[in-house]
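2 protein chains.
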Amino acid sequence: MRVFILYLNKARTDGNFNLDDLPSSGGRIDVLCRCATAALWLSHALRKDTKIIGVLNGSPNPPITITIDSNILRGVSPDERSVASWIKKALSDVGMRTRSGIVAERKSFQDVVREYSNHPIYILHEKGENIKKCALEGDDFVFILGDHIGIPRNDERFAERYARAKISLGPQSYLASSCITIINWFLDNANPT
Amino acid sequence: MRVFILYLNKARTDGNFNLDDLPSSGGRIDVLCRCATAALWLSHALRKDTKIIGVLNGSPNPPITITIDSNILRGVSPDERSVASWIKKALSDVGMRTRSGIVAERKSFQDVVREYSNHPIYILHEKGENIKKCALEGDDFVFILGDHIGIPRNDERFAERYARAKISLGPQSYLASSCITIINWFLDNANPT
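If you read the sequences in order, they're chains A and B. Read in order, the letters of the first sequence are residues 0 to 192 in numbering that gives the first Met the number 0. Read in order, the letters of the second sequence are residues 0 to 192 in numbering that gives the first Met the number 0.
Here is the structure:
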């Protein structure tokens with residue numbers, strides 16, 4: 000299982016945002032939509048055993064997590080608006096799984112980290128060890144990353160207590176969605192047959 | 000300069016598509032929007048010296064190219080709808096550069112390939128040489144890739160006459176936008192200092 004946990008500082012925590020203006024009305028919920036596409040989609044197929052968990056910390060009702068699990072996702076296209084429309088539905092009925100398989104729950108970032116604490120956790124960080132030098136073996140990984148604002152220091156410290164390492168993707172600073180694509184590719188090719 | 004040339008089989012060639020339904024009304028113009036974000040954006044910044052050229056081959060008026068040059072792009076956000084709204088404007092006035100810097104022109108795939116024929120051209124192809132084994136050095140690259148349908152055989156043959164090599168990204172088949180992200184990362188890290 001690959002799990003991507005994305006910390007979103009301002010993403011709106013109810014369904015009251017405008018699909019025509021995700022960045023502003025949704026508190027950059029577009030970032031989660033792009034990350035979901037990057038995490039879960041291959042060409043013509045969904046990945047198997049891959050999850051993205053967005054932790055939403057915007058108004059009016061933080062924190063809320065959105066979980067999208069590739070093994071149960073259905074009826075969603077990889078375009079931002081399609082993903083966003085299902086996230087909106089999930090947020091309108093917290094605790095109930097939508098027909099798409101997407102679910103919103105009342106959990107904090109720390110709750111989620113604790114939940115995955117018996118898996119190998121890695122924090123994406125510009126000052127971490129270069130991913131090319133990390134021995135990422137096996138098929139069980141949890142990656143934690145922040146949005147364009149970053150993870151608040153106290154939450155980052157909390158995650159560090161459970162993390163195996165901090166890793167970086169090199170000298171450039173990438174969009175969160177690009178980070179996820181790169182990690183997926185890196186893992187796909189880490190143990191070539 | 001890095002240039003990504005994306006062949007889009009069905010993308011609509013006038014501005015008459017609905018921003019609320021890019022995949023269907025736009026003939027998968029959402030693919031170009033995601034590819035533009037993958038090609039041009041870093042975190043908090045645009046790349047320098049990077050272009051994406053989408054070759055649109057859908058109705059009613061093919062072919063049309065959309066060129067987005069990171070060096071002149073402005074006022075556009077990385078979300079799909081923002082990119083799409085400027086592409087729509089460019090398509091409504093072919094030959095005129097929009098305020099965003101995005102321009103639509105009456106050119107075919109073969110015109111574009113010919114235009115870049117004095118640069119090192121690589122075709123992304125599942126049966127190509129693995130990118131990890133290619134000596135991609137320098138900072139001048141043109142990459143050709145197809146959408147989810149692929150490049151028609153006659154256009155692919157034409158490109159092969161100018162291409163240095165066909166390259167692959169490994170055993171998985173990725174979304175076009177993911178391919179671009181991976182290539183950008185690979186080049187960013189090909190010659191680490």
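We put the beta carbon where it would ideally sit given N, CA and C, even for glycine. This structure is a prediction, so every number in the text was calculated from the model and none was measured.
- In angstroms with no decimal places, state the Cα-to-Cα distance between Leu168/B and Phe142/B. Here residue 168/B is taken as the residue at index 169 of the second sequence, counted from 1. Here residue 142/B is taken as the residue at index 143 of the second sequence, counted from 1. If I take the Cα positions, the gap works out to 13 Å.
- At a CB-CB cut-off below 8 Å, which residues of chain B make contact with Ile67/A? Position 68 of the first sequence holds residue 67/A. By Cβ distance, chain B contributes nothing, its closest Cβ being about 16 Å from Ile67/A, past 8 Å.
- Item | Run of the alpha helix (DSSP H) containing Asn183/A, from where it starts to where it stops | One-based indexing of the first sequence puts residue 183/A at position 184. Run containing Asn183/A: 175 to 187, per the alpha helix (DSSP H) assignment.
- Task: Measure from the alpha carbon of Glu155/B to the alpha carbon of each residue in Arg1/B, Leu7/B, Ala35/B, Ser24/B, then state which is nearest.
- Result: One-based indexing of the second sequence puts residue 155/B at position 156. The candidate whose alpha carbon is nearest that of Glu155/B is Leu7/B.
- Task: Verify the CB distance criterion: does Arg80/B have a CB-CB separation below 8 Å to chain A?
- Result: Mapped onto the second sequence, residue 80/B falls at position 81. For Arg80/B, the answer is yes, since a Cβ of chain A falls inside 8 Å of its Cβ.
- Query: DSSP three-state call for Ala10/A: helix, strand or coil?
  - Reply: Mapped onto the first sequence, residue 10/A falls at position 11. Here Ala10/A sits in coil by DSSP.
- Query: Under a CB-based cut-off of 8 Å, is Ile181/A close to chain B?
  - Reply: For this step, residue 181/A is matched to residue 182 along the first sequence. Yes, Ile181/A counts as interfacial toward chain B.
- So, are the CB atoms of Gly53/B and Leu31/B less than 8 Å apart? As a working note, residue 53/B is residue 54 in the second sequence. As a working note, residue 31/B is residue 32 in the second sequence. Gly53/B places its beta carbon less than 8 Å from that of Leu31/B.
- Task: Have a look at Cys34/A and Arg105/B and give me their C-alpha separation to the nearest angstrom.
- Result: Looking up residue 34/A in the first sequence gives position 35. Looking up residue 105/B in the second sequence gives position 106. Distance between the alpha carbons of Cys34/A and Arg105/B is about 34 Å.
- Would His124/A be called buried (16 or more neighbouring beta carbons within 10 Å of its own) or exposed? If you number the first sequence from 1, residue 124/A lands on position 125. Burial call: buried.
- Would you kindly check if the distance between the Cβ of Gly100/B and the Cβ of Arg73/B is under 8 Å? As a first step, residue 73/B is located in the second sequence; it is residue number 74 there, counting from the start. As a first step, residue 100/B is located in the second sequence; it is residue number 101 there, counting from the start. Yes. Within cutoff.
- Item | Sequence-distant residues of the same chain with beta carbon closer than 6 Å to Lys88/B, five excluded per side | The residue labelled residue 88/B in the question sits at position 89 within the second sequence. Hits under 6 Å: Thr97.
- Query: What are the complete beta strand (DSSP E) segments, minimum 3 residues, inside the segment 113 to 150 of chain A?
  - Reply: 120 to 129, 140 to 145
- Which runs of the alpha helix (DSSP H) fall wholly inside the segment 46 to 122 of chain B and span at least 4 residues, in chain order? DSSP assignment within the segment 46 to 122 of chain B yields the following whole alpha helix (DSSP H) runs of 4 residues or more, N-terminal first: 79 to 90, 108 to 114.
- Query: So what does DSSP say about Leu39/B, is it helix, strand or coil?
  - Reply: On the second sequence, residue 39/B is found 40 positions in, with the first residue counted as 1. Taken through DSSP and simplified to helix, strand or coil, Leu39/B comes out as helix.
- Straight-line gap, Asp48/A to Phe140/A (C-alpha atoms, nearest Å): The residue you call residue 48/A lines up with position 49 of the first sequence. The residue you call residue 140/A lines up with position 141 of the first sequence. Each residue's alpha carbon lies about 11 Å from the other.
- Task: Please name the residue, chosen from Asn153/A, Asn60/A, Glu159/A, Ile179/A, that lies closest to Gly26/A on a Cα-to-Cα basis.
- Result: Residue mapping note: residue 26/A aligns to position 27 of the first sequence, counting from 1. Comparing Cα-Cα distances from Gly26/A to each of Asn153/A, Asn60/A, Glu159/A, Ile179/A, the minimum goes to Asn60/A.
- Between Gly149/B and the ligand PLP, is the CB less than 7 Å from at least one heavy atom? No copy of the ligand PLP appears in this structure; indeed no ligand is present at all.
- Item | Terminal residues of the alpha helix (DSSP H) in which Ala164/A lies | Position 165 of the first sequence, counted from the first residue, corresponds to residue 164/A. Where Ala164/A is concerned, there is no enclosing alpha helix (DSSP H), although the beta strand (DSSP E) it sits in stretches over 164 to 167.
- Query: Looking at the C-beta of Tyr161/A, does it have a partner C-beta in chain B at a distance below 8 Å?
  - Reply: One-based indexing of the first sequence puts residue 161/A at position 162. It does not: the Cβ of Tyr161/A has no partner Cβ on chain B nearer than 8 Å.
- Counting pairs of beta carbons, one from the segment 5 to 23 of chain B and one from the segment 160 to 174 of chain A, are three or more of them closer than 8 Å? no
- Spatial neighbours of Glu136/B in its chain, beta-carbon cut-off 6 Å, leaving aside the 5 residues before and after: For the purposes of this step, residue 136/B is identified with residue 137 of the second sequence, where counting begins at 1. In the same chain as Glu136/B, and ignoring 5 residues on each side of it, no C-beta atom comes closer than 6 Å to its own.
- Message: Using a 10 Å radius around the Cβ and a threshold of 16 neighbouring Cβ atoms, would you call Glu128/A buried or exposed?
- Response: Counting from 1 along the first sequence, the entry for residue 128/A is found at position 129. Label assigned to Glu128/A: exposed.
- Measure the CB-CB distance between Leu5/B and Ile51/B and report whether it falls below 8 Å. For the purposes of this step, residue 5/B is identified with residue 6 of the second sequence, where counting begins at 1. For the purposes of this step, residue 51/B is identified with residue 52 of the second sequence, where counting begins at 1. Contact flag set, yes.
- When the distance is taken between beta carbons, is Ala103/B closer than 8 Å to Ile63/B? In the second sequence, counting from the first residue as 1, residue 63/B sits at position 64. In the second sequence, counting from the first residue as 1, residue 103/B sits at position 104. Cβ atoms of Ile63/B and Ala103/B: closer than 8 Å.
- Message: Could you check whether the segment 69 to 86 of chain B touches the segment 106 to 117 of chain B, counting it as contact only if at least three pairs of C-beta atoms, one from each stretch, sit closer than 8 Å?
- Response: Result no; under three Cβ-Cβ pairs closer than 8 Å.
- Message: Going by beta-carbon coordinates alone, are Ser177/A and Thr180/B separated by less than 8 Å?
- Response: Mapped onto the first sequence, residue 177/A falls at position 178. Mapped onto the second sequence, residue 180/B falls at position 181. Contact: yes.
- In chain B, which residues lie with their C-beta within 8 Å of the C-beta of His147/A? Numbered from its first residue, the first sequence carries residue 147/A at position 148. Going along chain B in sequence order, the residues near His147/A (Cβ under 8 Å) are Ser42, His43.
- Take the Cβ of Asp1/A as the centre, count every other Cβ of all protein chains shown within 10 Å, and call the residue buried at 16 or more, exposed below. The count along the first sequence starts at 1 and reaches residue 1/A at position 2. According to the sequence shown, residue 1/A is Arg rather than Asp. The residue is buried, with at least 16 neighbouring Cβ atoms inside 10 Å.
- Query: Under 8 Å between the Cβ atoms of Ile166/B and Tyr115/B?
  - Reply: Numbered from 1 along the second sequence, position 167 holds the residue referred to as residue 166/B. Numbered from 1 along the second sequence, position 116 holds the residue referred to as residue 115/B. No, Cβ-Cβ distance for Ile166/B and Tyr115/B is not below 8 Å.
- Message: Quick check on Trp85/B - is its C-beta less than 8 Å from some C-beta in chain A?
- Response: To locate residue 85/B, count along the second sequence from 1; it is residue 86. Output row for Trp85/B: interface = no.
- Task: Give a yes or no on whether the minimum CB-CB distance between Leu21/B and chain A is below 8 Å.
- Result: Counting from one through the second sequence, the residue named residue 21/B turns up at place 22. Judged by the 8 Å Cβ criterion, Leu21/B is in contact with chain A.
- In angstroms with no decimal places, state the Cα-to-Cα distance between Phe185/A and Phe3/A. Taking the first residue of the first sequence as 1, we reach residue 185/A at position 186. Taking the first residue of the first sequence as 1, we reach residue 3/A at position 4. Answer to the nearest angstrom: the Cα atoms are 14 Å apart.
- Task: Would you kindly report the start and end of the unbroken alpha helix (DSSP H) that includes Pro170/B?
- Result: Mapped onto the second sequence, residue 170/B falls at position 171. Taken as a continuous stretch (DSSP letters only), Pro170/B belongs to no alpha helix (DSSP H), as it is neither H nor E.
- Residues of the segment 163 to 176 of chain A whose Cβ lies closer than 9 Å to any Cβ of chain B, in chain order: Leu168, Gly169, Pro170, Gln171, Ser172, Tyr173, Leu174, Ala175, Ser176
- Query: Which one of Lys132/A, Arg163/A, Thr36/A, Ile28/A has the shortest CA to CA distance from His118/A?
  - Reply: As a first step, residue 118/A is located in the first sequence; it is residue number 119 there, counting from the start. Minimum Cα distance to His118/A is reached at Arg163/A.
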